[in-house]
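Comments concern the structure below.
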Amino acid sequence: MRVGEFGELPYGLTVEEAQKILRVGRTKMYELCRLEDFPALRIGKRIVIPRDELFRWIKDQMGGRR
């Protein structure tokens, strides 16, 4: 996934799509989804990650670093 493609992402990401953005493995992605502050929604058995909330979470994790 290239940087320019981020704007074309759907609003609700799958775990696999978020995993590619974060460049983490499957196990780590599911660990993140269980964190209280990680923006993961459970809809039935599915996990949906709102795109904008994911990018906000990433920015928050950076703690102001750039």
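When we follow the numbering used here, the leftmost residue of the sequence shown carries the number 10, and every step to the right adds one.
Backbone N, C-alpha and C fix where the C-beta goes; we use that ideal spot for every residue, glycine too.
Just so you know, these numbers come straight off a predicted model, no measurement behind them.
Applying the criterion that 16 or more other CB atoms from any shown protein chain within 10 Å of the CB defines a buried residue, is residue i buried or exposed?
| i | result |
| --- | --- |
| R35 | exposed |
| L41 | buried |
| Q28 | buried |
From which residue to which residue does the beta strand (DSSP E) around residue i run?
| i | result |
| --- | --- |
| L50 | 50-52 |
| V24 | Looking at the DSSP string, V24 is not in any beta strand (DSSP E); the run it does join, the alpha helix (DSSP H), is 24-31. |
| P59 | 55-59 |
Between residue i and chain B, is there a C-beta pair that is closer than 8 Å?
| i | result |
| --- | --- |
| R32 | No chain B appears in the structure shown, which is made up of a single protein chain. |
For the alpha helix (DSSP H) that residue i lies in, which residues bound it at each end?
| i | result |
| --- | --- |
| E40 | 35-43 |
Quick one: Cα of residue i to Cα of residue j, how far?
| i | j | result |
| --- | --- | --- |
| L44 | V33 | 15 Å |
| V67 | I52 | As written in the sequence, residue 67 is Ile, which differs from the Val given in the question. Spanning the two alpha carbons is a distance of roughly 22 Å. |
| G21 | I30 | 13 Å |
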